[in-house]
Amino acid sequence: DDHECFERAAALSVEVNFTQLDEPLDKVVVYLDPEEFHSTWLGNKSIYRTRMAIADAGELIVLGPEVGTFGEDPEIDRLIRKYGYRTTPEIMEFMDSNEDLKANLSAAAHLIHGSSENRFSITYCPGKLSREEIESVGYQFGDVNEGLKKYPVETLQDGWNTSEDGEKFYFISNPALGLWAAKDRL
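Under the numbering used here, the first residue of the sequence shown carries the number 563, and numbering increases by one thereafter.
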């Protein structure tokens with residue numbers, strides 16, 4: 563039966579592809595390897611691959627030392643700068659009244675995927691984008707050098723860590739390599 567096959571495949575996918583966490587995470591720190599991540603277009607894997615793990619009112623900190631652009635091409639970059647990472651209803655409204663976004667559904671989907679839907683905060687710590695640029699698209703800005711000092715990625719292990727000041731956080735060294743979710747959200 564096709565439905566049973568689908569259900570079994572979905573269950574196997576959750577078992578194999580997700581890191582399942584007992585509780586939602588209050589603070590997640592994600593590192594974007596400078597060799598791989600130069601844009602929020604790619605770096606936002608840190609958001610959409612962790613959103614099911616982050617607690618309501620939680621915090622995501624994205625450390626992106628080489629992030630210097632939003633889009634992977636000039637048109638996508640322009641659209642991200644124009645509309646920002648907003649909630650689904652906001653992006654849908656923008657699509658209804660703006661032909662440029664309506665004509666580029668991949669950009670619209672990306673803008674939605676890059677939003678926390680106001681459920682948790684996102685602090686982006688880019689090496690090559692300014693505070694003004696980051697805040698203009700809807701994120702909080704963090705200084706990448708301060709972030710890397712507080713969260714020295716070369717000494718962290720994937721999973722739970724404690725900072726020097728006693729703060730407990732969950733670290734992900736490469737968001738492209740998995741999906742994370744609290745068990746009650748699966």
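All C-beta atoms, glycine included, are put in the ideal place defined by N, C-alpha and C.
Backbone secondary structure at T724 - three-state DSSP: DSSP places T724 in strand when its eight states are reduced to three.
Got a sec? Which residues, its chain only, sit under 7 Å from D635 by beta carbon, not counting five neighbours each side? none
CA-to-CA distance, V706 to R747, given in whole angstroms: 31 Å
Hey, quick one: how far does the alpha helix (DSSP H) through E695 stretch, first residue to last? 693-698
Measuring straight from C-alpha to C-alpha, what distance separates T612 and G700? 18 Å
Among N723, T602, Q702, which residue has its Cα nearest to the Cα of F632? T602
E637, enclosing alpha helix (DSSP H) - first and last residue: 636-645
The beta strand (DSSP E) with T581 in it runs from where to where? 580-583
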